[in-house]
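Quick mapping for you: the protein sequence lines, in order, are chains A and B.
Going by this note's numbering, the first sequence wraps up at 114, each residue one higher than the last.
Going by this note's numbering, the second sequence wraps up at 228, each residue one higher than the last.
Each residue gets a CB set at the ideal place from its N, CA and C atoms; glycine is no exception.
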Amino acid sequence: EPEVTQTPSHQVTQMGQEVILRCVPISNHLYFYWYRQILGQKVEFLVSFYNNEISEKSEIFDDQFSVERPDGSNFTLKIRSTKLEDSAMYFCAASQGQWNSPLHFGNGTRLTVT
Amino acid sequence: AQSVTQLGSHVSVSEGALVLLRCNYSSSVPPYLFWYVQYPNQGLQLLLKYTSAATLVKGINGFEAEFKKSETSFHLTKPSAHMRDAAEYFCAVSEVGGSEKLVFGKGTKLTVNP
């Protein structure tokens with residue numbers, strides 16, 4: 001079964017640095033998402049993306065975050081100036097439709113900010 | 115706004131015993147409900163989903179869940195646990211016709227003892 005692929009699997013960065021997390025969704029999926037999971041906490045919604053624009057974002061997704069799908073395949077999450085509290089597992093997900101369509105998740109990128 | 119409560123952050127059962135993982139939801143409109151499983155170092159994998167058809171939903175790996183509107187519950191069960199079932203399980207809700215995002219519970223880590 002086609003997979004959602006995320007790279008890198010682990011990223012270590014210094015506070016204040018920019019990071020870009022990459023995702024290659026399943027080709028026939030139209031809705032794309034980023035979620036994150038801080039160690040020991042819930043999986044939290046960050047942002048959804050459809051038709052080349054953000055369709056919904058959470059209060060976590062502030063001006064330091066951005067998403068884009070520049071070439072029609074890669075879906076990226078950029079954090080402009082990382083903070084210690086951005087350390088988390090970041091999951092990319094994709095679906096064919098809304099609401100009852102299952103989300104297919106990648107294996108995640110573990111971001112460690114030092 | 116919808117929310118999910120998973121009772122018990124850790125559940126431990128013996129191999130062959132019944133597995134019961136509890137999930138209660140809160141939603142102002144009819145919900146879609148999901149159970150996801152996360153094996154170590156992997157992403158979230160859909161186990162099963164409820165989308166307003168049959169209230170008893172069968173999923174992969176012998177798991178099933180029953181939607182009980184009167185109890186606002188969607189508990190996950192499996193008659194006989196296997197060692198390979200050891201993982202973290204997440205209940206999630208989205209709203210029919212509402213926000214497309216999934217709201218997750220905190221997760222329940224299942225340990226299966228030989």
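Taking 8 Å as the CB threshold, A/E56 lines the interface with chain B. Neighbourhood of B/Q156 in chain A, by CB distance below 7 Å: N107, in chain order.
Against chain A, a Cβ distance below 9 Å from B/L160 picks out P102, L103, H104, F105.
Between B/L121 and B/T191, the gap from beta carbon to beta carbon reaches 8 Å or more. DSSP, read as helix, strand or coil, puts B/K183 in helix. Counting along the chain, B/A201 sits inside the beta strand (DSSP E) bounded by residues 201 to 209. Burial check for A/I38: the Cβ neighbour count within 10 Å stays below 16, so the residue is exposed. Going by C-alpha positions, A/S101 is about 10 Å away from A/Y31. Shown here, B/R198 sits in a helix according to DSSP, grouped into three states. A residue is called buried once 16 or more other Cβ atoms fall within 10 Å of its Cβ, and B/A179 is buried on that count. Residues of chain A with a Cβ closer than 8 Å to the Cβ of B/G219 are, in chain order, K42. With fewer than 16 neighbouring CB atoms inside 10 Å of its own CB, A/I54 falls in the exposed class.
A/K78 is not a Cβ neighbour of A/V113, given a cutoff of 8 Å.
Neighbourhood of B/L216 in chain A, by CB distance below 9 Å: Y33, Y35, V43, F45, A93, L103, in chain order. From the beta-carbon of A/S87, no residue of chain B is found nearer than 8 Å; the closest lies around 17 Å away.
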